[in-house]
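Below is one structure, written out as structure tokens, with a few remarks after it.
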Amino acid sequence: MKQNRWLGNTFVACCRQAFCRHASNASIVTPRCAVSHQTNFEQRKRTFLGKRDKSSAGAIDARAVEVCEELNKRPAFFTTSSCAGRAFLWRGDGVKSTDSFTRWRVSHDLVEEHTEKYFDLAGLEDPNASGAASSSLGKSQRPELSSRQLLDAAESSTGGGPGITWLRFEPFILHVCCRDFTAAAALMAAARTVFKNVGLQGWGKSQLIVAIWGDEGLDMPLAGPAGVPLFCGQEAWLQGLVNSRHMRNWGKIDRFTAALRAMEDPSPEPVPSGGQVGEAYFEDDLDHEIEEANLEDAPAAKRRPGPRHFDVVGDVAVLHSRPQGADLSEVGKAILAQARQVKVVAVKSGALGTELRRPTEAFEIIAGRPRLPLITTHSEFGVKIVVDLGACFFSTRLAGERQRLCNLVRPGEKILVAFAGCCPEVLQLAARPEAAEILAIELNPVAVQCLGSV
């Protein structure tokens, strides 16, 4: 986010419940529950696809855009991650999630120009080398090591030199969230016409993920443990290894896209009676940005005391009125037990008042550790928003409207956000590249401080 500056009261910021397979004697729930599950899946889909892309590229790989669009436009699927294939050089233990892994020269396209520079290892760690070094590598530098010796060295090398440098090609990878097992089976059948490695990566109460892996992978050493290159003068051969994999990988992506287009949309699967569809909002492992809890469709025996509807802002459950005929303490405890992300349950008694649009009465905390002021950090479409619930206005129910407004912004436009509150629109706009400048106006100093705390 660009540097912030104050101008009086104006702040300028340039800134499923998853399904189980039916037992032979499983009864089927009413159509209302099936509709509820479909609605829950659609909500998760909108929320997930509305988030900003946090990958290093900031967008879907160009070669994967078409296949992702084909899946995301269908009601039974949405993509959660993808990679169209890439090549890079690396050192370390080979696991990207660890600190002992470093990679260079990541390329999602063919290695065509400056081939010798791409495979030149001398300048990998030189920040001024722009990914390539000018020094030449002689064939006499190749060590006389057998493949067994190289493998042993790779397993035992813990230092004493630059370490083994590897060339890796990662093929097409795609993860897709499916509405139900019928949809997952249809997707896997289409994928297996092209790819061998297709299966369920996992399923839970709110997610059913199909993982598709390409089979054009490559991991080969380019330098021994002492850092001595192994393939001097064979850059054209190395280039062929990478480029041929790219071409075969892209061809399979195109064939998979064609298979998807020929696939009929799977019909929604009937929900077994034990599905407890109405509780899906609470168990959303795929997306913890729960905006509203709704138990209207839950079986009566499983309903907790108190109101069926409440909002969840960050880790605070907000009831909009005092429960009638129920013990407040029991209501709060039941919500804490049911909604894992909730740490505090509070009742909002008064309406908004004054020109600052702040609650006229203090929130009543009925469960959880007392917290004054009642500040929480809410996540909306991947953007963190600090909210002081007792001092400024914020509604999770406007998340869809905020997303709609953000989608209307065109590149280079200057945006004025009047009555900005704690600035959820400003933060959503600042997380996107389109707006050239964002001007937020807000009188409530506490709301402005919330923005400064992000």
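Counting in our numbering, the sequence shown runs from 6 upward without gaps. A virtual CB, placed ideally from N, CA and C, is assigned to each residue, including glycine.
Every alpha helix (DSSP H) of 4 residues or more that sits fully in the segment 304-346 is shown, in chain order, as 333-343. Beta-bridge annotation (DSSP): MET225 is paired with LEU172.
In the structure shown, GLU240 adopts helical secondary structure according to DSSP, grouped into three states. PHE106 is classed as exposed because its beta carbon has fewer than 16 other beta carbons within 10 Å across all chains shown. In this chain, the beta strand (DSSP E) harbouring GLU385 covers 380-385. Here PHE124 is not near ARG173, since their CB atoms are 8 Å or more apart. Secondary structure at ARG363: strand, using DSSP grouped into helix, strand and coil. Beyond the five residues adjoining it in sequence on each side, LYS50 comes within less than 6 Å, by CB distance, of PHE83 in the same chain, given in chain order.
Contact annotation: the segment 389-398 touches the segment 343-362, with at least three C-beta pairs closer than 8 Å.
The shortest C-alpha to C-alpha distance from GLY219 to any of ASP259, ALA241 and ARG184 is the one to ASP259. DSSP places HIS251 in the helix class (H, G or I) of the three-state scheme.
GLY417 is a Cβ neighbour of ALA441, given a cutoff of 8 Å. Taking every protein chain shown into account, the CB of ALA241 has fewer than 16 other CB atoms within 10 angstroms, so this residue is exposed. Scanning the segment 365-453 from its first residue to its last, the whole alpha helix (DSSP H) runs of 4-plus residues come out as 404-412 and 429-435. Under DSSP, LEU179 shares a beta bridge with SER87 and ILE217. Nearest C-alpha to SER334 among VAL349, THR44, LEU54 and ARG407: VAL349. Note: PHE82 is bridge-paired with CYS183 in the DSSP secondary-structure output. Under the DSSP definition of a beta bridge, ASN202 partners with TRP218. The three-state secondary structure of ARG260, taken from DSSP, is helix.
Non-local C-beta neighbours of GLU369 in its own chain, meaning closer than 6 Å and more than five positions away in sequence, comprise VAL352, ordered along the chain. Residue burial is scored here from C-beta neighbours: GLU269 has fewer than 16 other C-beta atoms within 10 angstroms and is therefore classed as exposed. In this structure, the CA atom of PRO226 is about 44 Å from the CA atom of LEU434. Per DSSP, VAL72 is one residue of the alpha helix (DSSP H) stretching across 70-77.
For a cut-off of 8 Å, the C-beta gap from GLY426 to THR382 is around 15 Å, too long to register as a contact. With a contact defined as Cβ atoms closer than 8 Å, PRO429 and GLU385 qualify at about 6 Å.
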